[in-house]
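Residues 22 to 132, numbered by my numbering, are exactly what the sequence shown covers, in order.
Notes for the one structure printed next.
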Amino acid sequence: MPKIIILPHVEICPHGEVIDAKPGLSICENLLQNHIEIEHACDQVCACTTCHVIVREGFDTLNQADDLEEDLLDKAWGLEPKSRLSCQAIVDQNDLTIEIPRYTINMAKEG
């Protein structure tokens with residue numbers, strides 16, 4: 022079973038966490054099922070950037086981002102080359118290391 026290593030985040034996961042991930046589910050779904058309360062204002066329909074994560078290891082094992090996700094990511098706080106919306110990034114059989122950015126921009130509210 023693949024693992025998701027979550028790097029420390031001051032509010033969501035202060036000491037970091039390692040969780041067992043279910044392949045075929047998104048990073049966001051895996052986090053929420055393991056009580057890692059990542060923000061997801063649009064209810065995981067790819068309409069905001071609140072679930073933005075940076076994939077520090079395993080980025081190339083994820084499904085490719087589509088144009089809508091890429092357009093939204095352009096508006097995310099702290100965008101990096103290996104940024105993804107966690108609601109759109111589907112876990113496969115490989116381990117991932119992710120960082121949850123310190124801040125989010127809620128496109129649904131602030132758009």
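Beta carbons: idealized from backbone N, C-alpha and C, even for Gly.
Fair warning: this is a prediction, and the values are worked out from it, not measured in the lab.
For residue i, I'd like the list of residues in its chain whose CB is within less than 7 Å of its CB, leaving aside the five on either flank, ordered along the chain.
i: residue 98; result: 122, 124, 125, 126
i: residue 108; result: 47, 49, 61, 65, 67, 72
Going by beta carbon distance, what residues of the same chain come within less than 6 Å of residue i, once the five residues before and after it are set aside?
i: residue 55; result: 40
i: residue 80; result: 103
Do you know whose CA, among the options, lies nearest residue i's CA?
i: residue 93; options: 78, 111, 69; result: 69
i: residue 73; options: 82, 45, 81, 102; result: 102
i: residue 30; options: 83, 116, 38; result: 38
i: residue 45; options: 88, 112, 26; result: 112
i: residue 42; options: 87, 53, 100; result: 53
Drop a sphere of 10 angstroms on the beta-carbon of residue i, count the other beta-carbons inside from all chains shown, and report buried for 16 or more, exposed for fewer.
i: residue 120; result: buried
i: residue 61; result: buried
Could you tell me which residues DSSP pairs with residue i in its beta bridges?
i: residue 105; result: 74
i: residue 120; result: 75
i: residue 39; result: 26
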